[in-house]
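Numbering (the working numbering), first residue to last: 507 to 1016.
Cβ atoms here follow ideal geometry from the backbone N, Cα and C, with glycine treated the same way.
Notes follow once the structure below has been shown.
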DNA sequence: CATGACCAGCTCCCTGACTT
DNA sequence: AAGTCAGGGAGCTGGTCATG
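Here you go:
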């Protein structure tokens, strides 16, 4: 386990010895040193002594290779926030509620004290190749031309060449567990009215082949009418698809066509040129099908969707709102890496400032939604930490939390604290005696229309009459324990398990 | 039996504005 | 300021019907 983590990070560390050494050294170092600067000197002193000691015992030669790797590992983490090694994470849960006609907002801070390995550090250039535990199959000769060729006799044409990047991506879906299947979106998972444009000539070719399978007395070489009848596609559509250049067909109809040809849907994947809808057929060109969110970019997008972004309820569109252009750019890049060449619109507020971005393609919103990003207002519904993150490897988890921190968090470098904020509605859970408290809370007015809020602190408690203090404590405990949204509990668990840190949930504001 | 005309219905593009 | 909801116009296919 430990070894995996080390290996993951540096790709060079190996052997139990290195791990043991690391543990011993770190223990000594945290024990002896109290300030970051002093600790560095102490560390090298201890480490040097240890090395000298090994040499004296003539053991150095056996471990030299491991030590070398270990030193490289140290060099690697030195630049990151791992170095002082203790980073605390505070996650804040903001809860909102409506009381007495007006809306009061309840903010709960989820605090997480933690120790995170290079957590805050930027994504490294040496981005690791994603490791798929289920293995990948090569897209061998099963080109669609060959497949169709089995049915009739065909010759190959250059334009049918599958997209080379897709060859690498074909995953054996049958073996995948349900959550993994959901984090992967195939073209046939898209809405049935989504439009698929195939590479030049492919659609016509498919229809011609299908037509050959449908001879009639009047048309012994195959009839469109008969094919229409057999496949369930309207004859007018087939006719147009055959005669029009670049005709885009709906997912629904392409499925019907492939069924008629007895071809598996996956065979068509490499021949898809673009995906879109009625308004615009090229929302996504050169789609990287299947759209796979089980990687670092996917994790970034899932976090972006759960925090500063959202998936529109009525149209399943992914929108990301963030005034930091850098963040927006990063999200766009991740979208491009996961989905292909994607169209989008920047959003500006009334003052003309860059506010965020909207990705118009329904496919993107759908893929995120399938992976676990809820649609619509997140504060008012229960949702879970998506399985992609829960079951993802350490790189995926890091990527997720990095994006989380960028969106709804901040880092206190001096205190080695990371805070993450999460808002949630608690109005439906509070009891009537809790409401009595509200008369005594020091509400502040946040510009008229925003309503009132209280920042919870020790001082607030002193203002509560003593007979209501137990009620107040009960209220706070509820906020800390029972009213916490599932996702926050799960995030806390993941942080603690993965990064061996202490996470604290702290009610912050009402 | 194949296809053109036509409009219904859908998604996308773009923008505005409301809620918390 | 950070999310969320809303909707019109554009552009495209689906489906119906008529025509040759």
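Each residue's CA atom was taken as its position, placing residue 846 and residue 970 some 57 Å apart. Sequence-distant partners of residue 991 (beyond 5 residues in either direction) whose C-beta falls short of 8 Å from its own C-beta, in its chain, are 599, 888, 889, 928 and 930. Approximately 17 Å separates the beta-carbon atoms of residue 766 and residue 746; this is outside 8 Å, ruling out the contact. With contacts defined by Cβ atoms closer than 7 Å, residue 871 and residue 822 form a contacting pair. Secondary structure of residue 897 (DSSP, three-state): coil. In this structure residue 718 is in contact with residue 728, their Cβ atoms being roughly 4 Å apart against a cut-off of 8 Å.
Residue burial annotation: residue 721 is exposed, with fewer than 16 other C-beta atoms found within 10 angstroms of its C-beta. In the DSSP annotation of this structure, the continuous segment of the beta strand (DSSP E) that includes residue 825 starts and ends at 824-827. Taking one beta carbon from each stretch, the stretch 865-880 and the stretch 685-693 have 3 or more pairs nearer than 8 Å; the two touch. For residue 731, DSSP assigns no beta-bridge partner whatsoever.
Per the Cβ contact rule, the stretch 914-922 is not in contact with the stretch 845-864 (fewer than 3 Cβ pairs under 8 Å).
Residue 768 sits in coil when the DSSP states are folded into three classes, being neither helix nor strand. In the three-state reduction of the DSSP assignment, residue 928 falls in the strand class. Looking at 932, 899 and 933, the one whose alpha-carbon comes closest to that of residue 1004 is 899. Secondary structure at residue 725: coil, using DSSP grouped into helix, strand and coil. Judged by their CB atoms, residue 943 and residue 978 are nearer to each other than the 7 Å cut-off.
Here the alpha carbon of residue 702 sits roughly 17 Å from the alpha carbon of residue 740. Bounds of the alpha helix (DSSP H) holding residue 978 are 975-986. Runs of alpha helix (DSSP H) with 4 or more residues, each lying fully within the stretch 734-819, are found at 741-749, 757-767 and 802-812, listed in chain order. Taking the C-beta atoms as reference points, residue 685 is found nearer than 7 Å to residue 893.
If you ignore the 5 residues before and after residue 996, its C-beta comes within less than 8 Å of the C-beta of 890, 891 and 896, all in its own chain and listed in chain order. Residue state for residue 916 is assigned as strand, using DSSP reduced to three classes. Under the three-state reduction of DSSP output, residue 909 falls in the helix class. DSSP places residue 860 inside the beta strand (DSSP E), whose first and last residues are 860-865. Around the C-beta of residue 988, fewer than 16 other C-beta atoms lie within 10 Å, and the residue is accordingly described as exposed.
Where residue 995 is concerned, the enclosing alpha helix (DSSP H) starts and stops at 992-1005.
According to the DSSP secondary-structure assignment, residue 854 is paired through a beta bridge with 860. The three-state secondary structure of residue 960, taken from DSSP, is coil. The C-alpha of residue 793 is placed about 15 Å away from the C-alpha of residue 803. Within a 10 Å sphere around the beta-carbon of residue 787 sit 16 or more other beta-carbons, which makes this residue buried. Membership of residue 688 in the alpha helix (DSSP H) is indicated by the continuous run 684-688. Within the model, the alpha-carbon separation for residue 982 versus residue 949 is close to 16 Å. A distance below 7 Å separates the beta carbons of residue 960 and residue 947.
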